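Notes follow the structure.
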Amino acid sequence: MRVEIIPCLKDNYSYLIIDDKNNSACVIDPSEDKPIVDYLKNKNINLKYILNTHHHPDHIGGNKNLKKIFKSVVVGFKEDYNRIPEIDIFLKDNQIWRAENFIAKIIHTPGHTSGHICYHFFEDQLIFTGDTLFSLGCGRIFEGTHSQMYESLEKIKALPEKTKIYCGHEYTFSNSKFCLKYDPTNKKLIKKISDLKKKIDNGFPSIPSTLKDEMECNIFLKAKDQKSFSKLRDLKDNF
Ligand code: ZN
Ligand code: FE
0 MRVEIIPCLK
10 DNYSYLIIDD
20 KNNSACVIDP
30 SEDKPIVDYL
40 KNKNINLKYI
50 LNTHHHPDHI
60 GGNKNLKKIF
70 KSVVVGFKED
80 YNRIPEIDIF
90 LKDNQIWRAE
100 NFIAKIIHTP
110 GHTSGHICYH
120 FFEDQLIFTG
130 DTLFSLGCGR
140 IFEGTHSQMY
150 ESLEKIKALP
160 EKTKIYCGHE
170 YTFSNSKFCL
180 KYDPTNKKLI
190 KKISDLKKKI
200 DNGFPSIPST
210 LKDEMECNIF
220 LKAKDQKSFS
230 KLRDLKDNF
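Residue 49 in numbering that gives the first Met the number 0 sits at position 50 of the sequence shown; the count goes up by one each step and never skips.
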């Protein structure tokens, strides 16, 4: 399996997870259809599945057209059945979703929205975290509580360190300023920011990150308890 990063809209990332043996792919969070159609048609790859982490427009915007064009199957959290457009397959927390050669564990991560899920492709050692965990940041809490968001991040922290993190937005550089303000002596963070600047200056995405990097540099994952996490989240909302 390989992952292709498809920049969408202003700062979203959609991801294709591609099975080259079968010329088939899943898309994670298609913000819009066009860049995804362009990539797939060009390479003659068939889009079998559309996986959504949550219902926000910048994550589901391409569902309808992509389903129409490729006859793809739309997959999402069962409790969001009425707000994920064109949903066909209803997932539960902790479920193993398996289709063709694609296999992922579903991790329910409420906080940003009540129905947010992450897709952990454990055999490939990567996770699609949508708007729950960003590189050097985490999602805003819209529908859940601080304690839910904290618990959701704890679930991700329990995965193997080398897990690659593919998140929903390119917010890394802007997030880095907040981390640096409240953790100015973190050498690993300073190194990550300098690597990050090089990538961005050369026109590359900062993604993927790794769980190890995030545990060492992301101030939200470094928070020692729920109380300090909540304080940081509030500070970030007004940063
Ligand atoms: Zn969102
Ligand atoms: Fe988003």
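Note that beta-carbon positions come from the ideal geometry of N, C-alpha and C, so glycine has one too. This one's a predicted model, so the numbers in the text were calculated from it and none came from an experiment.
Taking only heavy atoms of ligand 2 into account, decide whether any of them is closer than 8 Å to the Cβ of ASP130.
Stepping through the sequence shown from its first residue, residue 130 is reached at position 131. Yes.
Looking only at DSSP bridge pairs, what is TYR165 linked to?
Along the sequence shown, one-based indexing puts residue 165 at 166. In DSSP, TYR165 forms a bridge with PHE127.
According to DSSP, residues forming a beta bridge with ILE5
The residue given as residue 5 occupies position 6 in the sequence shown. In the DSSP output, where bridge partners are listed per residue, ILE5 has SER13.
Using 8 Å as the cut-off, can you tell me whether the region 152–164 makes contact with the region 79–92, which would need three or more C-beta pairs spanning the two stretches below that distance?
Result no; under three Cβ-Cβ pairs closer than 8 Å.
Which runs of the beta strand (DSSP E), 3 residues or longer, sit entirely within the region 160–208?
If we require 3 residues or more, the beta strand (DSSP E) runs fully inside the region 160–208 come out as 163–166.
Alpha carbon to alpha carbon, what distance is there between GLY202 and GLU99?
Translated into positions along the sequence shown, residue 99 becomes position 100. Translated into positions along the sequence shown, residue 202 becomes position 203. Spanning the two alpha carbons is a distance of roughly 34 Å.
State yes or no: is the C-beta of ASP57 nearer than 8 Å to some heavy atom of ligand 2?
As a first step, residue 57 is located in the sequence shown; it is residue number 58 there, counting from the start. Yes; taking the cut-off as 8 Å, the Cβ of ASP57 has a heavy atom of ligand 2 nearer than that.
In DSSP terms, what TYR48 is bridged to
On the sequence shown, position 49 is the one that residue 48 refers to. Beta-bridge pairing links TYR48 to CYS25 and VAL72.
So is ARG232 buried or exposed if we call it buried at 16+ other beta carbons inside 10 Å?
To locate residue 232, count along the sequence shown from 1; it is residue 233. Sixteen is the threshold: when 16 or more other Cβ atoms of the shown chains lie within 10 Å of the Cβ of ARG232, as they do, the residue is buried.
Evaluate GLU169 with the Cβ neighbour count: other Cβ atoms within 10 Å of its Cβ, from every protein chain shown; 16 or more gives buried, anything less gives exposed.
Within the sequence shown, numbered from 1, the residue matching residue 169 stands at position 170. GLU169 should be labelled buried.
Please list the terminal residues of the continuous alpha helix (DSSP H) segment that includes ARG97.
Locating residue 97 in the sequence shown gives position 98, where the first residue counts as 1. From DSSP, ARG97 is part of no alpha helix (DSSP H) but of the beta strand (DSSP E) over 95–98.
Taking its Cβ as the centre, do 16 or more other Cβ atoms sit within 10 Å of ALA24, making it buried, or is it exposed?
Against the sequence shown, residue 24 aligns to sequence position 25. The residue in question, ALA24, is buried, as its Cβ has 16 or more Cβ neighbours within 10 Å.
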